[in-house]
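Remarks on the structure that follows.
Numbering (this note's numbering), first residue to last: 6 to 121.
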């Protein structure tokens with residue numbers, strides 16, 4: 006009682022050249038701020054589509070361990086272990102996400118969500 010969560014449902018808007026191109030939100034308590042970075046990095050840095058950006062396994066830090074979501078592949082987990090991270094499998098899904106991609110020239114909205 007009387008305590009507030011670190012984050013609440015936190016919508017965000019991504020801009021490209023000063024124009025909004027994506028609206029998204031990530032749920033997951035203490036993971037939310039990292040989840041936003043994760044989803045936007047999947048899109049911007051790795052160039053993957055909406056569904057792939059949201060479906061990519063999450064790896065938040067919990068008590069010094071990276072708690073990997075299923076079905077995190079060995080291709081992701083093993084390099085993390087090789088550089089010294091303790092990677093364990095999460096018992097349950099971590100958060101959830103949704104995203105809308107605005108295609109201005111076509112007047113279309115594309116959407117994706119994590120069906121947790």
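All residues carry an ideal CB built from backbone N, CA and C; glycine is no exception.
Spatial distance of residue i from residue j (CA atoms)
| i | j | result |
| --- | --- | --- |
| residue 18 | residue 26 | 7 Å |
| residue 83 | residue 59 | 21 Å |
| residue 66 | residue 38 | 12 Å |
| residue 80 | residue 88 | 13 Å |
| residue 8 | residue 40 | 22 Å |
| residue 118 | residue 104 | 6 Å |
| residue 53 | residue 69 | 29 Å |
| residue 110 | residue 32 | 30 Å |
Bridge-paired residues (DSSP) for residue i
| i | result |
| --- | --- |
| residue 1 | Limits of the chain in this structure are 6 at one end and 121 at the other, which puts residue 1 out of reach. |
| residue 17 | 29 |
Assigned exposure category for residue i - 16 Cβ within 10 Å defines buried
| i | result |
| --- | --- |
| residue 102 | buried |
| residue 71 | buried |
| residue 44 | buried |
| residue 73 | buried |
| residue 97 | exposed |
| residue 114 | exposed |
Proximity of residue i and residue j at Cβ, strictly below 7 Å
| i | j | result |
| --- | --- | --- |
| residue 30 | residue 16 | yes |
| residue 86 | residue 93 | no |
| residue 63 | residue 99 | yes |
Subject >> Complete beta strand (DSSP E) runs within the segment 23-105 (minimum length 3 residues, chain order) >> reply: The DSSP assignment places 24-32, 70-73, 92-94 as complete runs of the beta strand (DSSP E) inside the segment 23-105, in order along the chain (cut-off: 3 residues).
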